[in-house]
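The sequence shown begins at 0 in numbering that gives the first Met the number 0 and counts up one residue at a time.
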Amino acid sequence: MLTRVSIALCVIMALPSAPAMAVEADQRAVDACKRQSDNFVQISRCLPEAHVAVRVLGAFDEIYDEAARPVKSKCLERNADSIAGAYTCVIEAVKAANILRAALPEGEALDDAVFSAVADQQKFERLMAVRDAARLDFPEQRVWGAGTYHPYE
Numbered sequence: 000m001l002t003r004v005s006i007a008l009c010v011i012m013a014l015p016s017a018p019a020m021a022v023e024a025d026q027r028a029v030d031a032c033k034r035q036s037d038n039f040v041q042i043s044r045c046l047p048e049a050h051v052a053v054r055v056l057g058a059f060d061e062i063y064d065e066a067a068r069p070v071k072s073k074c075l076e077r078n079a080d081s082i083a084g085a086y087t088c089v090i091e092a093v094k095a096a097n098i099l100r101a102a103l104p105e106g107e108a109l110d111d112a113v114f115s116a117v118a119d120q121q122k123f124e125r126l127m128a129v130r131d132a133a134r135l136d137f138p139e140q141r142v143w144g145a146g147t148y149h150p151y152e
């Protein structure tokens, strides 16, 4: 009896297993990857980063005020061929605004409503927390998020 159990365990351990995912991919990410990919291998490569991108872009609307929306709109427009590019565009624009805000002399303000809306370090940290959580949905794949993109201008 013990030999049968040992053999069964060896057979089960030898069987190939599918990679484990913590959650299903966001459908918006699947749709974006299908639009920009020619086959399932490309979709598979695209999916982790697209998943992170749609989660972050969705959270942007919840975290930032209406005045910040031009950043997301412009990034989506300039990177229409890549949801990951749009995501990177948004992240880099918000990061630049926060760096600039920190560098400005005390009391200095820019006459720019979009800058004022996105230059908020606490909101940026909340957005990065969404990014980090979405990355955990694909534990077996690294998601860097710094590919080719058209920057916010």
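Cβ atoms here follow ideal geometry from the backbone N, Cα and C, with glycine treated the same way.
From this set, the options, which residue's C-alpha is nearest residue i's C-alpha?
| i | options | result |
| --- | --- | --- |
| Gly57 | Asp119, Glu139, Ile82 | Ile82 |
| Ala24 | Gln35, Val40, Ser36, Glu48 | Glu48 |
| Glu169 | Leu99, Tyr63, Asn97, Ser43 | The requested residue 169 is not part of the displayed model; the chain covers only 0 to 152. |
| Asp136 | His50, Phe39, Gln41 | His50 |
| Ile98 | Val117, Asp111, Ala133 | Val117 |
| Glu61 | Leu109, Leu126, Gln35, Gln120 | Leu126 |
| Asp111 | Ala85, Thr147, Tyr86, Ala67 | Ala67 |
| Tyr63 | Asp131, Ala132, Thr147, Gln120 | Gln120 |
Determine the extent of the alpha helix (DSSP H) in which residue i is found, giving its start and end residues.
| i | result |
| --- | --- |
| Pro47 | 39 to 62 |
| Glu124 | 120 to 134 |
| Ala101 | 82 to 102 |
| Leu75 | 68 to 77 |
| Ser115 | 112 to 117 |
| Asp30 | 26 to 35 |
Suppose the cutoff is 7 Å on Cβ atoms and the five residues either side in sequence are ignored; what does the same chain contact list for residue i look like?
| i | result |
| --- | --- |
| Gly106 | none |
| Arg77 | Cys88, His149 |
| Cys45 | Cys32, Gln35, Ser36 |
| Val129 | Arg54, Val55, Ala58 |
Considering only residues of the same chain and omitting the five flanking positions on each side of residue i, which have a CB-CB separation below 8 Å?
| i | result |
| --- | --- |
| Val89 | Val55, Leu56, Phe59, Val70, Lys71, Cys74, Tyr151 |
Contact defined as beta carbons within less than 8 Å: I believe residue i pairs with residue j. What is the distance between those atoms, to the nearest angstrom?
| i | j | result |
| --- | --- | --- |
| Phe114 | Val93 | That pair is no contact at about 10 Å. |
Leaving out the 5 sequence neighbours to the left and right, which residues in its chain are closer than 6 Å to residue i when beta-carbon positions are compared?
| i | result |
| --- | --- |
| Arg100 | Ala118 |
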